[in-house]
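Below: the structure, in structure tokens.
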Amino acid sequence: MNNFRVLTILLFFAIAGCSQYIKDTGATIKEAYSGLPDTHMTKDEVEALPYASIYARVNNGPRVFMVLAFAEINTDTGNTRLKWLSSDGAMIATENGRVVKTLHLPNYNLLNVTTSESYYQPKAESDSWKISYDWQPGYHLQQEASVQSSVVGKEFLTSLIWQKNTKKVTEIITPDKNNQSYPNTFWVDEQGKVVKSIQWAIPEHLMIELEILKPYIG
8 MNNFRVLTIL LFFAIAGCSQ YIKDTGATIK EAYSGLPDTH MTKDEVEALP YASIYARVNN
68 GPRVFMVLAF AEINTDTGNT RLKWLSSDGA MIATENGRVV KTLHLPNYNL LNVTTSESYY
128 QPKAESDSWK ISYDWQPGYH LQQEASVQSS VVGKEFLTSL IWQKNTKKVT EIITPDKNNQ
188 SYPNTFWVDE QGKVVKSIQW AIPEHLMIEL EILKPYIG
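Counting in this note's numbering, the sequence shown runs from 8 upward without gaps.
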């Protein structure tokens, strides 16, 4: 059996096991829209799972549990792209903590995001830059916006299996087509990793909250 086939089989079983586990432990993305309560994991459950994991909340809906299905290098940016998966196949992709793509969310999906700063890392100092969104439904391509970022303070955060000192970074997103602004908030730890965020993946339409439970170690 060649190496490619072995890898494919192993990947299939890994994803199948991952999907079954999250199906057993919490609501799916689509189920969350039907009014189910927040998913609550225990410390033991998170630590026992061999995958990195997050809590996610879409457009102020109930919180759901997602696990890391893929980690791959984006050759366009040089960043590691993490693809977080729910049991019903919904996917949220992040690079340096920023949502860069979504798939199979119920109403809106981000196809691509590009910025004038290719590393996508929330800035630890005041700055202004540009961002562009491609999204569906419809053919919304290169919807540009201006971003003003700043550090607004420090916060000590506690999650299920970690406690961290963080910098709180805010970004004010102003689409070129109107004057309405949308705030992003990132909590960045002392190693420069985003451990929590509230961000407009698509200004006005798609807001996603993420909290790292078990961090990815690459």
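By construction, the Cβ of each residue, glycine as well, lies at the ideal position given by its N, Cα and C atoms. Since this is a predicted model, take the numbers as computed values, not measurements.
Put simply, the backbone Cα of P210 is about 16 angstroms away from that of L112.
Taking all protein chains in view, the Cβ of F72 is crowded by 16 or more other Cβ atoms within 10 Å, so the residue is classified as buried. Its chain contains I61, Y62, S166 and K203 as the residues whose beta carbon lies nearer than 7 angstroms to that of E218, once the 5 sequence neighbours on both sides are disregarded; these appear in chain order. Taking all protein chains in view, the Cβ of W142 is crowded by 16 or more other Cβ atoms within 10 Å, so the residue is classified as buried. Taken atom to atom, the span from the alpha-carbon of Q187 to that of L75 is near 34 angstroms. For D196, no alpha helix (DSSP H) encloses it; the enclosing beta strand (DSSP E) starts and ends at Y189 to D196. Note on geometry: alpha-carbon atoms of N103 and T87 lie some 7 angstroms from one another. Within the stretch 47-107, the complete beta strand (DSSP E) segments of 3 residues or longer fall at 60-65, 71-80, 87-92 and 98-102, listed in chain order. Cβ contact annotation for L213 (same chain, cutoff 8 angstroms, sequence separation greater than five): V65, N66, T109, L112, N114, Y115, N116, L117, W142 and W207, in chain order. Rounded to whole angstroms, the Cβ separation of S157 and S123 is 17 angstroms, and the two are not in contact under 8 angstroms. Taking the C-beta atoms as reference points, V154 is found nearer than 8 angstroms to I138.
By the CB criterion at 8 angstroms, Q150 and P182 fall inside the cutoff. Distance check between P190 and each of K200, V120, T49 and I179 places I179 closest, using alpha-carbon atoms only. Look at Q128 here: in three-state DSSP terms it is coil, with no helix or strand label. Bounds of the beta strand (DSSP E) holding N172 are Q170 to P182.
8 angstroms or more divides the Cβ of Q128 from the Cβ of G225. Here K221 is buried: its Cβ has 16 or more other Cβ atoms, across all protein chains shown, within 10 Å. Apart from sequence neighbours up to five positions away, the residues of its chain that approach M98 with a beta-carbon distance below 6 angstroms are K90, L92 and L110, ordered along the chain.
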